[in-house]
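Peer 1: Handing you a structure now.
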């Protein structure tokens with residue numbers, strides 16, 4: 072039985088799926104299964120992954136379009152590993168990612184879910200900066216009305232935790248991870264390693280999809296805070312929703328995205344930037 076199961080949901084990801092899968096197959100830790108959860112792709116995504124010819128790849132494709140949350144719940148049920156990790160079809164895992172996060176969970180039996188730092192890059196391979204970071208559970212959950220800073224595709228946790236806290240259905244579209252983190256937080260412990268473990272691909276800004284995610288997350292946050300009687304958090308999430316929408320509207324203006332990218336431009340470790348450039352150029356395969 073593999074020690075780690077990696078859940079990789081995908082729909083029509085032919086352009087990036089090979090690089091994403093190879094970034095997992097070339098990990099320093101090799102005792103894993105990579106579960107490809109195809110959500111009704113109409114391109115040759117599945118064929119491209121099958122062509123990699125690696126026995127650790129398990130492909131599940133039924134031709135239906137169910138959505139991200141149902142596919143992730145399906146993957147949790149299929150997983151044989153003691154640990155579960157997430158991966159997206161357009162991102163890249165750095166070579167020591169699984170080893171670093173596995174070792175952290177072994178050394179911290181009280182932690183249910185560990186994420187890692189993520190460096191953001193564009194389709195043209197430009198490195199933008201690092202996503203927000205918080206290390207310990209108390210710091211991670213300090214401002215839940217803003218966001219819980221645990222990038223979804225960097226997650227690794229214990230299968231027991233995932234089985235107890237499935238993704239919500241009906242799906243909280245484009246905010247399913249934040250809803251799960253908020254819902255499970257009272258009985259869970261989170262952490263984030265300081266190592267850069269993933270390269271997160273920032274695609275073209277889509278205002279419509281961004282606003283949909285904002286509305287879905289607001290509804291989920293408000294519901295959780297209301298049921299818990301956390302009135303201060305309920306007020307703050309409403310105030311921050313308006314501020315976030317204002318930022319989104321500014322980002323949609325010509326040149327607006329560049330301005331906000333500049334705010335992310337924290338120094339990326341040289342080693343991580345070098346590894347990412349190798350992966351992007353194909354030399355890290």
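Numbering (the numbering used here), first residue to last: 72 to 356. Heads up, the beta-carbon is just placed ideally off N, CA and C, and yes, glycines get one too.
Examine the Cβ distances between the region 246-265 and the region 301-309 and report whether three or more of them are shorter than 8 Å.
Peer 2: Verdict: no, contact absent.
Peer 1: Anyone know if the C-beta pair for residue 285 and residue 311 falls short of 8 Å?
Peer 2: Not closer than 8 Å, so no.
Peer 1: Considering only C-alpha positions, which residue in the set 289, 191, 73 is nearest to residue 247?
Peer 2: When only C-alpha atoms are compared, the closest one is 289.
Peer 1: Could you name the residues of the same chain whose beta carbon sits closer than 8 Å to that of residue 112, not counting the 5 residues immediately before and after it, in chain order?
Peer 2: Here the set comprises 81, 82, 83, 84, 85, 132.
Peer 1: When the distance is taken between beta carbons, is residue 217 closer than 8 Å to residue 154?
Peer 2: No. Outside cutoff.
Peer 1: Note down the Cα distance separating residue 180 from residue 317, rounded to an integer number of angstroms.
Peer 2: About 41 Å.
Peer 1: Let me check understanding here. Comparing Cα to Cα, which of 251, 90, 232 lies closest to residue 12?
Peer 2: With the chain represented from 72 up to 356, any question about residue 12 goes unanswered, as that position is not in the structure.
Peer 1: Rounded to whole angstroms, what is the Cα-Cα separation between residue 356 and residue 298?
Peer 2: Any reading at residue 356 needs caution, since the residue's pLDDT is 42, under 50, leaving its predicted position unreliable; the model's value is listed next. About 48 Å.
Peer 1: Name the residue from 182, 281, 287 whose alpha carbon lies nearest to the alpha carbon of residue 320.
Peer 2: It is 281 whose Cα lies nearest to the Cα of residue 320.
Peer 1: Following the continuous beta strand (DSSP E) through residue 154, name the residue where it begins and the one where it ends.
Peer 2: That run of the beta strand (DSSP E) goes 154-157.
Peer 1: Here's a check: name, in chain order, each residue in its chain whose Cβ is nearer than 8 Å to the Cβ of residue 394, leaving out the five neighbours to either side.
Peer 2: The chain is shown from 72 up to 356; residue 394 falls before or after that span and cannot be answered.
Peer 1: Quick check: residue 191 and residue 343, are their CB atoms within less than 8 Å of each other?
Peer 2: The answer is no: Cβ separation not under 8 Å.
Peer 1: How is the beta strand (DSSP E) around residue 269 delimited, first residue to last?
Peer 2: Its beta strand (DSSP E) spans residues 261-273.
Peer 1: Just verifying my parser: in three-state terms, what is the DSSP assignment at residue 131?
Peer 2: Strand at residue 131.
Peer 1: Residues in the same chain with beta-carbon distance under 7 Å from residue 198, minus the five sequence neighbours each way, listed in chain order, please.
Peer 2: Answer for residue 198: 190, 192, 339, 344, 347, listed in chain order.
Peer 1: With residue 298 as the anchor, note down where its beta strand (DSSP E) starts and where it stops.
Peer 2: Here residue 298 belongs to no beta strand (DSSP E); instead the alpha helix (DSSP H) covers 278-298.
Peer 1: Span of the alpha helix (DSSP H) holding residue 251?
Peer 2: Residue 251 -> alpha helix (DSSP H) spans 247-255.
Peer 1: If the criterion is Cβ atoms closer than 8 Å, does the pair residue 224 and residue 283 meet it?
Peer 2: Not a contact, by the Cβ cut-off of 8 Å.
Peer 1: Are residue 130 and residue 121 close, meaning C-beta to C-beta below 8 Å?
Peer 2: Yes, the pair counts as a contact, with Cβ atoms nearer than the cut-off.
Peer 1: Can you confirm whether residue 201, when its beta carbon is compared against all beta carbons of chain C, has any partner nearer than 8 Å?
Peer 2: Considering every chain present, this structure includes no chain C. It has just one protein chain.
Peer 1: Locate the beta strand (DSSP E) running through residue 104, then write down its first and last residues.
Peer 2: Unbroken beta strand (DSSP E) run through residue 104: 103-109.
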